[in-house]
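Asks: Residue numbers (this note's numbering): 1294 to 1607. Don't be surprised by glycine CBs; every beta carbon is placed ideally from N, CA and C. Being a predicted model, the structure only gives us computed values, none of them experimental.
Put into structure tokens, the structure is as follows:
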């Protein structure tokens, strides 16, 4: 009796920690795109904003890791992890920041609901998780909702098809990043140190693009009090976001972890409509119903997997 109670307690606490991290990270991810929308309205160079914010947050986390004596000696494997995970973080963020002007923060936020579906498909393809038919059905319903939502959004904005396609590419890159970080996770390194390396790698990978496409515009980041505060705000958001980002992935794995997109989609869409004055996309009701049904089926499949007896159980 006592041992079973301890076992339940031991699983209960990590589940609640994971849920808390999930809600916090998803909300902060949505907030980062709200800041991007504000930066767009202020005429700030968005690639330079990303470079400075990610690198700044990386330096803050590196300082925290050093103060806590949680740094590790750099190795070729850690450098590879920093660069590749940084690129897989930087490019979808850059896609979203650049597309906001054309499709709105709400649509960019809604696209974040789909990495969980693509992540699961990748996990199944790599045989890290078995194929469960009810989860596959959930994926298909979710993707159908995404297609319907995309058609409604693109048809409502002239010339937005190209930017819509760019936004649709974001979930695939995010999903690859989720799986890569899991497969190449350095068990000896602390999450705060890995987060710092990833953010520094992200800033470094975007710097050449910012230099070429936004030449001479970096100084505008501190040209006014408003722009300077937006930079500091985004550094703070990224610092907290990616600290708990790695804690969540260590606690829960890539598929559960990728649910941050669903939280970000809900929070970001609500903020975009209520605070930023964006209009509802066409077909939102049917698309939301398909996505909701797909999500329910997807998570129903997860519960069935957890409760299914093991073949080796006697």
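By DSSP, does residue 1341 sit in helix, in strand, or in coil?
Replies: DSSP places residue 1341 in helix when its eight states are reduced to three.
Asks: Roughly how many whole angstroms lie between the Cα atoms of residue 1355 and residue 1348?
Replies: Whole-angstrom Cα-Cα distance: 10 Å.
Asks: So, helix, strand or coil for residue 1404, using DSSP?
Replies: Correct three-state label for residue 1404: helix.
Asks: Could you have a look at residue 1517 and say whether DSSP puts it in helix, strand or coil?
Replies: Coil.
Asks: Is the number of C-beta pairs between the region 1544-1551 and the region 1464-1471 that are closer than 8 Å three or more?
Replies: Touching, yes.
Asks: Under 9 Å between the Cβ atoms of residue 1533 and residue 1315?
Replies: No, these two residues do not count as a Cβ contact at 9 Å.
Asks: Cα-Cα, which of 1407, 1325, 1393 is closest to residue 1401?
Replies: The candidate whose alpha carbon is nearest that of residue 1401 is 1393.
Asks: Residue 1337 and residue 1530 look like a contact to me (Cβ under 8 Å); what is the Cβ gap, rounded to whole Å?
Replies: Between residue 1530 and residue 1337 the Cβ distance is about 15 Å, and since that is not below 8 Å, they are no contact.
Asks: I'd like to check one pair, residue 1565 with residue 1406: are the Cβ atoms closer than 9 Å?
Replies: No; because the gap between Cβ atoms is not below 9 Å, this pair is not in contact.
Asks: Please classify residue 1428 as buried or exposed, where buried requires at least 16 other C-beta atoms within 10 Å of its C-beta.
Replies: Classification for residue 1428: buried.
Asks: Any idea if residue 1552 is buried or exposed, counting beta-carbon neighbours within 10 angstroms, 16 or more meaning buried?
Replies: Looking at its Cβ environment, which holds 16 or more other Cβ atoms inside 10 Å, residue 1552 is buried.
Asks: Excluding sequence positions up to five away, which residues of its chain have a Cβ less than 7 Å from the Cβ of residue 1506?
Replies: Excluding positions up to five away in sequence, the list reads 1340.
Asks: Work out the CA separation of residue 1541 and residue 1318 for me, nearest whole Å.
Replies: About 9 Å.
Asks: Throw me the rounded Cβ distance for the residue 1554 and residue 1409 pair, which I believe falls under 8 Å.
Replies: Indeed, because the Cβ distance is near 6 Å, the residues count as touching under 8 Å.
Asks: Answer with buried or exposed for residue 1588, where buried requires no fewer than 16 other C-beta atoms within 10 angstroms of its C-beta.
Replies: Buried, since its Cβ has 16 or more Cβ neighbours within 10 Å.
Asks: Counting C-beta neighbours from all protein chains within 10 Å, is the total for residue 1498 16 or more, i.e. buried, or is it exposed?
Replies: By the neighbour-count rule (16 or more Cβ atoms within 10 Å), residue 1498 is buried.
Asks: How would you call residue 1492, buried or exposed, if buried means at least 16 neighbouring beta carbons within 10 angstroms?
Replies: Counting Cβ neighbours within 10 Å, residue 1492 comes out buried, since at least 16 surround it.
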